[in-house]
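Everything on this sheet refers to the single structure shown next.
Spelled out as structure tokens, the structure:
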């Protein structure tokens, strides 16, 4: 009877954990979707404005003629084109992020649906627990149930930490891919500056596009990692300095365009990526330390429960 109820309690608490977890993820995704849709609209307007600025500069006017005579027109046009490319990159990223979030919301709703009954099952187990505690012929007692409850809570914590660590490892690998693409683009930029020609420029652009695609994947992975960290922070009241790693994407794209088009280097984006990588590694180290501590606490509680049963 004890083993059966104990296993049932663990199962139902795990179902409740997942239900609250996915509900929190759903709410955050819905909020982020609103923000990203607004951001997409703003970036679309900015892109149209930047494109209009380039067209205006390239068309004939007295102002443009004066710019041409002073030798500043080409410089001004190139700068405006740089703004267009930056706006285009950011707009495309916003479009893809909106699509990702829409898919995630559908997925979260599917995950929540089969867990709707978990609260009812949990209440039934609590009623059964109270009945067994009052029944003097069973081994159940307030102390034993408290230990079982603590044990299942620690097991839930371990699962949350495992999920967060797994998400963080994926981000870490993704950032390495971005760094690799940027390194390749940086190398080809040097050749480009030395007069490498059209093929060199094309190869450099190919690596930049690769870094851009890698960055989109990492941005999505970072969002999931942040979700997992918030699960730990909110559900178990653990003090985690999460910060906002997601803002790094904007700096990444700004640096990528400015360095690529003006300096022939990919320095700023590289620094931003390395900085985020350090933050992720530091967080993973903290999670690993906490995880080992929870494991020790779980062993201690399990031993207490076993001792109580043996002496019952």
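In the UniProt record's numbering, the protein residues as written are 1 to 312.
For glycine and all other residues, C-beta sits at the position ideal for the given N, C-alpha and C.
When 181, 17 and 239 are compared against residue 267, the one with the closest alpha-carbon: 181
Straight-line Cα distance separating residue 6 from residue 287: 28 Å
Local Cβ density within 10 Å of residue 282, reported as buried at 16 or more and exposed below that: exposed
Start-to-end residues for the alpha helix (DSSP H) that takes in residue 242: Segment: none, residue 242 is in no alpha helix (DSSP H) and carries neither H nor E.
Rounded Cβ spacing between residue 214 and residue 171 (contact assumed at less than 8 Å): No, residue 214 and residue 171 are not in contact; Cβ-Cβ is about 12 Å, not under 8 Å.
N-terminal and C-terminal residue of the alpha helix (DSSP H) that residue 113 is part of: Segment: none, residue 113 is in no alpha helix (DSSP H) and carries neither H nor E.
C-beta contact flag for residue 305 and residue 151 at 8 Å: yes
Secondary structure of residue 209, DSSP reduced to three states: helix
Beta-carbon separation (whole angstroms), residue 301 vs residue 158, contact threshold 8 Å: That belief does not hold up - the Cβ atoms of residue 301 and residue 158 are roughly 12 Å apart, past 8 Å.
Bounding residues of the alpha helix (DSSP H) (the contiguous stretch that carries residue 299): 267-310
Three-state class that DSSP yields for residue 135 in the structure shown: coil
C-alpha distance - residue 64 paired with residue 89, whole-angstrom precision: Confidence in residue 64 is poor, its pLDDT being 49 and thus under 50, which makes the residue's placement too unreliable to answer from.
Own chain, CB closer than 8 Å to residue 37, minus 5 neighbours either side, in chain order: 98
Segment contact, 8 Å Cβ cut-off, at least three pairs: the stretch 223-239 with the stretch 21-34: Proximity of the stretch 223-239 to the stretch 21-34 meets the contact definition, three or more beta-carbon pairs being nearer than 8 Å.
Residue 211 versus residue 176 - alpha carbon distance: 11 Å
Inter-residue Cα distance where the pair is residue 296 and residue 124: Residue 296 and residue 124 have their alpha carbons spaced roughly 31 Å apart.
Counted within 10 angstroms of its Cβ, other Cβ atoms place residue 48 as buried (16 or more) or exposed: exposed
Neighbourhood of residue 161 by C-beta distance below 7 Å, restricted to the same chain and skipping five residues each side: Cβ neighbours of residue 161 within its own chain (closer than 7 Å, five residues either side excluded): 232, 287, 290, 291 and 294.
Rounded separation between residue 86 and residue 39 - CA only: 15 Å
Coarse secondary structure for residue 237, derived from DSSP in three states: If DSSP states are grouped into helix, strand and coil, residue 237 belongs with coil.
Local Cβ density within 10 Å of residue 118, reported as buried at 16 or more and exposed below that: Counting C-beta atoms within 10 angstroms of its own C-beta, residue 118 has 16 or more neighbours from the protein chains shown and is therefore classed as buried.
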